Structures are given as C-alpha cells and as structure tokens.
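*Asks:* This is the structure I want to talk about, given as structure tokens.
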Ligand code: ZN
Ligand code: ZN
Ligand code: FE
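If you want it as structure tokens, here you go:
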C-alpha cells in the first residue's frame with residue numbers, strides 16, 4: 237500500500253475526483269481525502285499500475301491545481317475493497333485556498349447552450365472555475381463556510397455535487413437558476429427595475445450611463461468606452477482626472493484596440509485573466525479620455541459569467557467595449573456593496589451572493605524578458621509563494637503605496653491582495669480585516685514583524701501596535717531582498733533599487749540606490765547625488781516645482797520652466813537658498829519628474845509616475861543604440877546628475893526634439909547605472925545584480941539594463957512573481973526581519989542559488 241500526501245493548491249480544484257477517476261481506471265483500491273495540508277491518498281494494487289497512477293497524478297492533474305510537494309510512503313496492504321472519496325477530517329481545516337478563477341470553456345459552452353439547465357445562468361461554475369477566495373468565510377473550504385451557505389442546493393445540483401464522475405463534484409459554489417443567486421438591476425436609489433437585468437444593463441450602457449457592476453471580488457464601474465461624454469463623466473465622478481482606465485471586451489474584438497501576441501491572448505483567457513497593458517492601435521474606437529496621452533491601454537476579457545453574457549448577447553449588433561474600473565473613489569479599497577458607491581453610478585447590476593473578501597483585478601505588463609506584474613491580486617491571491625526559506629511565523633507589513641502585507645510560515649509566503657494606495661481609514665480597516673483573516677485561515681500567529689523604517693507610515697503604526705518584536709527595515713533594502721528571495725538567492729549581491737521614495741538611514745529620501753547587500757544588511761555603494769525636494773512629499777504632485785528647485789540648486793538657469801507663478805518661484809528660490817523646508821533626495825522617480833517638467837509635460841500630476849510614463853512613451857527605443865548619453869559624473873559614492881540636467885536644459889533651449897531628449901535621458905541612466913555597477917564589481921568581485929523598485933516598471937530601463945548587464949557578464953535577477961513596486965516590499969521585510977532575528981533559514985545550504993537570467 238502506498239500512502240501519498242500532496243500539498244499545494246489541491247482543494248476545491250477537482251483534485252479528488254481526478255484521483256478517484258485515475259484510481260478506478262487502473263483498478264486500484266483505497267481512498268482519497270482532503271487533509272490538513274492538502275490531499276491524502278492510500279492506494280493499493282498492481283505495482284506497475286501504482287507507478288502509472290503516481291506519474292499521472294504528477295503530470296496530468298487538473299490545470300488549476302498546483303502541487304508544491306508530494307511524499308510517498310510504503311506500507312503492507314490493508315485489503316481495501318474499492319476506491320472511495322472519503323469525507324475530510326473536519327477538525328483539520330486546510331490551509332490552502334484557491335484564488336478566484338475565470339469561467340472555464342465547458343461552463344461557457346453550457347452558458348450558451350439552450351438545452352442546458354444553466355443556459356444564461358449568470359452564476360454557472362464548476363470545480364475548474366468560478367469564485368473561491370472571494371466567497372470563503374473561513375477554512376476548510378466547504379459550502380457552509382462560504383457565502384453560498386444561504387442557498388440550499390436543489391436536487392439536481394446536489395446530485396452533481398455528490399457524483400465523483402461529475403464536473404461539479406464538490407464544487408462548493410454549485411448553483412442553478414432554481415436554487416442559486418440571482419442578478420438584479422437597480423436605479424440610482426436602489427429601486428429594482430423590471431425586466432431582464434442583462435438587457436437593461438446593456439441598454440443603459442449604450443445610452444451612455446455609468447453602471448456599477450458587481451463582479452467576483454468587488455464592483456466595477458462601467459461605461460461605454462467609445463462614448464467620450466460617458467468616460468469624462470465617469471472621470472468627474474470618480475475624481476480621477478487622467479489615470480488610465482482598463483477596458484473589457486470580447487477576445488475577437490481585442491485586436492481592434494490593442495496589439496496582442498498569441499501568448500498574451502492565452503494569458504488573458506487563462507484562469508488568472510488579469511488586466512494586461514498593451515500598445516494601442518490607431519485608429520481605434522476607444523475614446524481618447526480612457527487613457528489620455530498614453531500609448532498603451534489596459535485590457536481584459538470577461539471572466540465572470542454575467543460579464544460574458546453582457547458581452548455576448550448583443551455582440552452581433554455591434555462590438556462592445558466597456559471601461560471597467562475598480563468600484564471605488566480614487567485609490568480607496570474596492571467596494572463590495574452598491575451602497576458604498578452612492579453618487580457614483582446611474583444604475584447597478586448587482587446580485588445576492590455576498591463578496592466576503594474583496595479583491596481587485598491583477599495587472600500585468602509584458603516585456604521581452606518576462607511578464608512584469610504590476611498588481612498581484614485576483615487570480616493570484618491567496619496562493620502562497622513557495623520559497624526555500626523556512627520562516628517561523630513572520631509578518632511583513634508593507635509600505636505606504638500599493639499596500640500589501642506578507643504573512644509567512646515554514647516555506648510558504650502568503651501575500652495579501654492589493655489593499656490600497658493611501659493611508660485612509662478605509663484602507664486601514666481593510667488592512668486589519670485581511671490581516672485577521674489571513675491569520676485565521678493560514679493558522680499563522682506572527683511572532684515577529686518587519687516594517688518600513690519610515691516612522692509615519694500607516695503600515696509602520698500597524699506593526700508597532702501588534703506588540704511583537706519588530707524590525708524596522710530600510711525601504712530599498714526590502715525591495716532588493718524581495719527580489720533576492722523570489723530568486724532563491726542567499727549571498728551578497730549588487731542590488732539596484734530605483735524608486736519613488738523610501739526613508740533613508742540618514743533621514744533623507746532615498747530612491748536611486750546601488751547597494752551591496754545580503755539579508756542582514758547593506759552597504760550603500762552609489763546613489764544619485766542629493767537634490768533638494770522643496771516641501772517634501774507635497775512637491776511630488778508638482779513636478780515643475782521639483783525641476784525648479786533642482787535647477788536652482790545646480791546653478792542652472794531655470795527661467796524657461798513653464799507652469800509656475802512668480803510667487804511660487806520666489807518661495808522655492810528662497811527655500812533652496814536658505815535650506816528651509818527642504819528634504820534631500822536621491823530618488824530616481826523624482827529625477828524623472830524633474831526631466832518631465834523641464835520638457836513641459838505636466839506641471840502638476842494627478843497620479844504617480846504620470847510624468848515618467850509620458851517620458852518613456854516619447855522614446856523610440858529602436859534608435860536607442862544610435863544616440864549618445866548626456867554627461868554625468870561617477871564620484872566616490874555618488875552619481876552626479878547635475879551635468880545631465882545642464883545638457884538637457886541646453887538641448888531644450890536649442891530647440892532639440894523632446895523625443896530625442898527623452899531617449900538620451902534614458903540612455904544616460906542606463907549607461908551610468910551599468911558603469912557604477914562595474915565599479916562595484918571591480919572592488920568586490922560580485923557579479924550578481926538584482927533589479928528592483930517601482931522605476932523598473934519603465935520597460936526601456938528594465939529591458940536595457942538586463943541586456944547591457946548581461947553583455948558585461950553579470951548575472952541579472954528580477955521579479956516575475958511579484959511587482960517591482962511597493963506591492964512586493966512586505967516579502968523582503970519578512971526575510972530580513974527573520975534573518976536578523978534568526979527566524980529564517982534557507983533549505984539549500986549557503987551557496988545554492990539558481991540563476992534565472994544568464995545569457
Ligand atoms: Zn467551469
Ligand atoms: Zn440547483
Ligand atoms: Fe518603493
């Protein structure tokens with residue numbers, strides 16, 4: 237008899253029926269059950285069949301299952317008469333919860349099949365698809381512990397639920413029109429409107445109305461993306477002047493609006509179904525105000541059945557493109573109840589299945605090296621990241637933007653969903669709610685926390701109030717450590733962190749950093765020379781003020797700058813002269829803001845990196861190798877960028893094209909970064925380079941740095957499972973805090989690191 241234990245994402249994903257069917261096929265006897273940490277199988281039969289059985293489990297398991305570990309022990313045969321799916325041991329709740337998954341092809345077929353009992357039923361799902369994470373109250377994942385508990389299964393559904401040969405065997409959200417949740421269509425005062433909710437919704441969208449649509453992990457606010465007036469109205473209501481909106485449409489219309497490769501098309505249609513940022517095509521039916529002055533567009537496909545219905549029922553008439561933006565005010569957590577959206581929508585397409593755990597859409601941007609994750613949420617969370625570092629119950633609380641925490645135990649690192657992008661009360665409440673739930677679900681009571689060094693971050697305060705040992709960690713050290721951990725590195729590396737802002741050990745605002753570092757500490761080898769930030773973080777919203785102060789400080793004429801009053805100029809000049817209300821910064825993000833403002837892009841920005849994105853998009857990367865860098869100086873520990881600013885100013889005054897200036901600016905950063913890293917190598921002999929920080933979302937920098945560093949015989953490591961921005965920082969905090977307090981050990985010995993990119 238073989239006792240097989242499998243852990244990973246093996247519950248709620250059709251794993252037991254798959255094991256059952258496989259065992260039956262090979263005439264094996266025994267049982268399978270959901271256990272504490274996955275699935276347990278006892279199986280006996282002919283030895284050659286057992287070998288095939290195990291191989292089949294490893295190789296042909298359900299596509300959405302993920303096996304982290306499999307162990308096999310041999311015992312004498314017990315003499316099982318048959319193979320059974322046994323009930324789980326109720327006392328031991330599983331610690332694995334599947335993410336929410338895009339509707340599968342079988343369910344889409346049934347949704348469109350008039351013969352099927354779930355024809356046009358907007359809550360169709362099966363073991364291979366549908367909601368999981370967003371409907372779970374607590375573990376184990378079992379119907380009475382989900383928001384489906386208020387819907388009693390009818391006989392038809394129950395028969396399917398109990399039949400191991402059925403695609404809906406133990407699919408907890410199984411439902412049909414007779415017994416399951418229902419859609420309704422409400423006006424702005426929440427009165428229900430008669431008629432078919434999907435038809436009503438479609439008609440109002442085409443009339444230009446703004447509609448709140450309840451989805452899987454929260455509400456979207458939708459409007460017709462080809463209708464300029466509707467999109468502008470949505471921007472006004474959401475208080476979001478310019479940040480791009482994502483577009484949902486059918487796969488067959490996708491190429492009318494963006495350029496898309498086959499692998500990306502597969503990602504869009506996968507169970508993850510993220511928003512993917514792709515180059516716009518032109519001409520395009522999409523209103524300019526959807527992603528103003530932006531060469532790219534975020535797109536995703538309908539992933540819930542009712543979304544499929546909105547997009548398919550009327551598609552023959554005219555292709556439908558909808559803005560589908562998170563249902564919230566700018567940067568707040570996503571709403572799960574229409575009452576939270578009061579004043580934002582004209583109508584609501586809602587339903588009576590409660591969303592217990594909110595979860596935003598995930599966002600991915602493809603690069604030539606990998607798919608870069610900008611936001612890791614729906615489809616990904618709460619799947620843990622499995623690393624060869626054993627942690628002893630540690631929490632990383634995150635930073636201030638793109639907030640996400642990480643709760644870790646053993647070799648499993650659970651990242652929270654994207655929580656929010658500010659320190660509002662709602663963000664704090666959502667944070668605490670998720671932290672409580674994660675502790676309960678995954679049975680981890682943190683004994684140690686890592687937080688940011690910044691004394692005033694919300695996440696720092698949350699860590700302080702936990703009354704457990706706390707390690708305060710420099711922001712960029714954590715950025716680099718997160719990428720190191722993901723790449724299983726445990727040695728001293730050259731770490732690059734190009735970022736917006738992070739509190740430095742000397743009280744300055746860091747963000748253009750090259751360290752030699754391991755988990756225990758870092759040496760700051762190079763940083764961008766300190767420049768003055770007038771008014772600190774308040775200046776971040778006004779790049780022209782940053783530019784004015786930088787040029788003033790560098791002694792470069794700044795009279796050409798537009799978008800500032802004489803009064804403001806005078807104040808900033810005084811501040812620089814008297815060193816009053818000034819913060820020192822080495823931030824790469826601010827350098828982008830400065831150069832963007834010098835080129836007259838945005839005197840004022842309304843979302844993070846607005847200038848940097850515009851600068852990147854001005855560049856024609858095809859001629860990058862043909863242009864020369866501007867001047868810079870690599871000093872003892874600093875990279876002096878003042879000559880760069882002077883050259884840019886001179887080019888502007890000479891009337892050189894902005895596209896060329898932007899490209900040469902990028903070229904300069906790539907060149908001085910590679911040169912500084914080579915200097916570090918010549919001193920230390922370290923040839924492993926880790927790239928991190930929000931500025932690595934700039935694809936020209938990211939890709940060019942990888943290419944140039946590889947040419948110079950460096951091994952380059954970067955993130956593929958987590959974002960480069962502050963959304964990953966909590967993982968770095970966990971590893972650093974744990975290592976400092978002796979609570980993280982690697983399982984491969986001190987040398988064993990794998991290179992991901994070494995070409
Ligand atoms: Zn399905
Ligand atoms: Zn039913
Ligand atoms: Fe950061």
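In our numbering, the protein residues as written are 237 to 995.
Every residue gets a Cβ at the ideal spot worked out from N, C-alpha and C, and that includes glycine.
All values reported here derive from a predicted model rather than from experimental measurement.
1) Got a sec, what are the start and stop residues for the alpha helix (DSSP H) residue 886 sits in?
2) Any idea what DSSP makes of residue 329, helix, strand or coil?
3) Does DSSP put residue 478 in a helix, a strand or coil?
4) Which residues mark the beginning and the end of the alpha helix (DSSP H) in which residue 345 is found?
5) Suppose contacts are defined by Cβ-Cβ distances below 8 angstroms. Is residue 779 in contact with residue 830 by that definition?
6) For a test of your reading of the model: does the CB of residue 366 fall under 7 angstroms from any non-hydrogen atom of ligand 2? Yes or no.
7) Using 8 angstroms as the threshold, is the stretch 551 to 559 in touch with the stretch 422 to 436, meaning 3 or more CB pairs across them?
8) Do the stretch 632 to 640 and the stretch 962 to 971 touch if we need at least three Cβ pairs shorter than 8 angstroms?
9) Between residue 1022 and ligand 1, is the CB less than 7 angstroms from at least one heavy atom?
10) May I have the straight-line CA-CA distance separating residue 291 from residue 269, to the nearest angstrom?
11) Around ligand 3, which residues pass a check of Cβ closer than 5 angstroms to any of its heavy atoms?
12) Does the distance between the C-beta of residue 389 and the nearest non-hydrogen atom of ligand 2 fall short of 7 angstroms?
13) Take residue 508 and list the residues in its own chain whose beta-carbon comes closer than 6 angstroms to its own, dropping the five residues that flank it on each side.
14) Going by C-alpha distance, which of 410, 388, 318, 679 is nearest residue 343?
15) Is it buried or exposed for residue 537, if we count other Cβ within 10 angstroms and need 16 for buried?
16) Could you give the residue range of the beta strand (DSSP E) that holds residue 583?
17) Can you name, in chain order, every residue of its own chain whose Cβ lies under 7 angstroms from the Cβ of residue 809, other than the five neighbours on each side?
18) At a cut of 8 angstroms, does the stretch 655 to 663 reach the stretch 706 to 717 through at least three beta carbon pairs?
19) Determine the DSSP secondary structure at residue 602, reduced to helix, strand or coil.
20) Does the stretch 641 to 649 come within contact of the stretch 616 to 625, defined as at least 3 CB pairs closer than 8 angstroms?
21) Have a look at 892, 913, 884 and flag the residue whose alpha-carbon is nearest the alpha-carbon of residue 870.
22) Skipping 5 residues on each side, what residues in its chain have a beta carbon closer than 7 angstroms to that of residue 551?
23) Between the beta-carbon of residue 320 and the beta-carbon of residue 267, is there less than 8 angstroms?
24) Can residue 748 and residue 824 be called in contact, C-beta distance under 8 angstroms?
25) Give the straight-line distance between the Cα atoms of residue 596 and residue 922, rounded to the nearest whole angstrom.
26) State buried or exposed for residue 949, treating a residue as buried only when at least 16 other CB atoms are found within 10 Å of its CB.
27) With 16 other CB atoms within 10 Å as the buried threshold, where does residue 356 fall?
28) Going by DSSP, what residue range makes up the alpha helix (DSSP H) through residue 260?
29) Using beta-carbon positions only, say whether residue 600 and residue 607 come within less than 8 angstroms of one another.
30) Mind reading off the beta-carbon distance from residue 671 to residue 641? Whole number of angstroms is fine, and I expect it under 8 angstroms.
31) Taking 7 angstroms as the cut-off, is the CB of residue 412 close to at least one heavy atom of ligand 1?
32) Pull the bridge partners of residue 746 from the DSSP assignment, please.
33) Flag residue 339 as yes when its Cβ comes closer than 7 angstroms to any non-hydrogen atom of ligand 1, and as no otherwise.
34) Would you kindly check if the distance between the Cβ of residue 973 and the Cβ of residue 680 is under 8 angstroms?
35) Around the Cβ of residue 991, are there at least 16 other Cβ atoms within 10 angstroms (buried) or fewer (exposed)?
36) Specify, as a first and last residue, the run of the beta strand (DSSP E) that residue 458 falls within.
*Replies:* Looking at the coordinates:
1) Counting from 1 along the chain shown, the entry for residue 886 is found at position 650. Segment 878 to 889, the alpha helix (DSSP H) holding residue 886.
2) Walking along the chain shown from the start, residue 329 turns up at place 93. Note that residue 329 scores 47 on pLDDT, short of 50, meaning its location in the model is unreliable; the coordinates nonetheless yield the value given after this. Residue state, collapsed to three classes: coil.
3) In the chain shown, counting from the first residue as 1, residue 478 sits at position 242. Collapsing the DSSP output to three states places residue 478 in coil.
4) Within the chain shown, residue 345 is the residue found at index 109, counting from 1. Secondary structure note for residue 345: its alpha helix (DSSP H) is the uninterrupted segment 341 to 348.
5) Here residue 779 refers to the residue found at position 543 when the chain shown is read from its first residue. Here residue 830 refers to the residue found at position 594 when the chain shown is read from its first residue. Yes. Within cutoff.
6) Taking the chain shown and counting its residues from 1, the one referred to as residue 366 is at position 130. No, Cβ of residue 366 sits at least 7 angstroms from all heavy atoms of ligand 2.
7) By the Cβ criterion, the stretch 551 to 559 is not in contact with the stretch 422 to 436, since fewer than three pairs of Cβ atoms, one from each stretch, lie closer than 8 angstroms.
8) For the pair of segments examined, the stretch 632 to 640 was found to touch the stretch 962 to 971: the number of CB pairs separated by less than 8 angstroms reaches three.
9) Because the chain spans 237 through 995 in this model, residue 1022 falls outside it and cannot be assessed.
10) As a position in the chain shown, residue 291 is number 55, starting the count at 1. As a position in the chain shown, residue 269 is number 33, starting the count at 1. Their Cα atoms are separated by approximately 19 angstroms.
11) Those residues placing their Cβ nearer than 5 angstroms to any heavy atom of ligand 3 are, following chain order, 735, 962.
12) One-based indexing of the chain shown puts residue 389 at position 153. Yes.
13) Counted from its first residue, the chain shown places residue 508 at position 272. Once the five neighbours on either side are set aside, the close Cβ partners of residue 508 are 615.
14) Stepping through the chain shown from its first residue, residue 343 is reached at position 107. For residue 343, the nearest C-alpha among the options comes from 410.
15) If you number the chain shown from 1, residue 537 lands on position 301. A residue is called buried when at least 16 other Cβ atoms come within 10 angstroms of its Cβ; residue 537 meets this threshold and is buried.
16) As a first step, residue 583 is located in the chain shown; it is residue number 347 there, counting from the start. If you look at residue 583, you'll find it in the beta strand (DSSP E) that goes 583 to 587.
17) Here residue 809 refers to the residue found at position 573 when the chain shown is read from its first residue. Cβ neighbours of residue 809 beyond the five flanking positions: 788.
18) These segments do not touch.
19) In the chain shown, residue 602 corresponds to position 366, counting from 1. It is a strand residue.
20) With the cut-off at 8 angstroms, the stretch 641 to 649 and the stretch 616 to 625 touch.
21) If you number the chain shown from 1, residue 870 lands on position 634. Of the candidates 892, 913, 884, the one whose C-alpha sits nearest the C-alpha of residue 870 is 913.
22) To locate residue 551, count along the chain shown from 1; it is residue 315. Shown here for residue 551: same chain residues with a beta carbon closer than 7 angstroms to its own, the five before and five after excluded, namely 486 in chain order.
23) Here residue 320 refers to the residue found at position 84 of the chain shown. Here residue 267 refers to the residue found at position 31 of the chain shown. Between residue 320 and residue 267, the C-beta spacing is below 8 angstroms.
24) In the chain shown, residue 748 corresponds to position 512, counting from 1. In the chain shown, residue 824 corresponds to position 588, counting from 1. Taking 8 angstroms as the Cβ cut-off, residue 748 and residue 824 qualify as a contacting pair.
25) Looking up residue 596 in the chain shown gives position 360. Looking up residue 922 in the chain shown gives position 686. Their Cα atoms are separated by approximately 40 angstroms.
26) In the chain shown, counting from the first residue as 1, residue 949 sits at position 713. Around the beta carbon of residue 949, a 10 Å sphere encloses fewer than 16 other beta carbons of the protein chains shown; the residue is thus reported as exposed.
27) For the purposes of this step, residue 356 is taken as residue 120 along the chain shown, with counting starting at 1. Residue 356 is buried by the Cβ-count criterion.
28) As a working mapping, residue 260 is identified with position 24 in the chain shown. Here the alpha helix (DSSP H) through residue 260 covers 251 to 261.
29) One-based indexing of the chain shown puts residue 600 at position 364. One-based indexing of the chain shown puts residue 607 at position 371. Yes, the Cβ-Cβ distance between residue 600 and residue 607 is below 8 angstroms.
30) For this step, residue 671 is matched to residue 435 along the chain shown. For this step, residue 641 is matched to residue 405 along the chain shown. The pair is a contact, with the Cβ atoms about 6 angstroms apart (cut-off 8 angstroms).
31) To locate residue 412, count along the chain shown from 1; it is residue 176. No.
32) Here residue 746 corresponds to residue number 510 of the chain shown, with the count starting at 1. According to the DSSP secondary-structure assignment, residue 746 is paired through a beta bridge with 738.
33) Counting from 1 along the chain shown, the entry for residue 339 is found at position 103. Checking the Cβ of residue 339 against ligand 1 gives yes.
34) Walking along the chain shown from the start, residue 680 turns up at place 444. Walking along the chain shown from the start, residue 973 turns up at place 737. Note that the C-beta distance between residue 680 and residue 973 is not below 8 angstroms.
35) Stepping through the chain shown from its first residue, residue 991 is reached at position 755. With a pLDDT of 39 at residue 991, under the threshold of 50, the modelled position of that residue is not reliable, and the figure given next carries that caveat. Residue 991 comes out exposed.
36) On the chain shown, position 222 is the one that residue 458 refers to. Counting along the chain, the beta strand (DSSP E) containing residue 458 begins and ends at 455 to 460.
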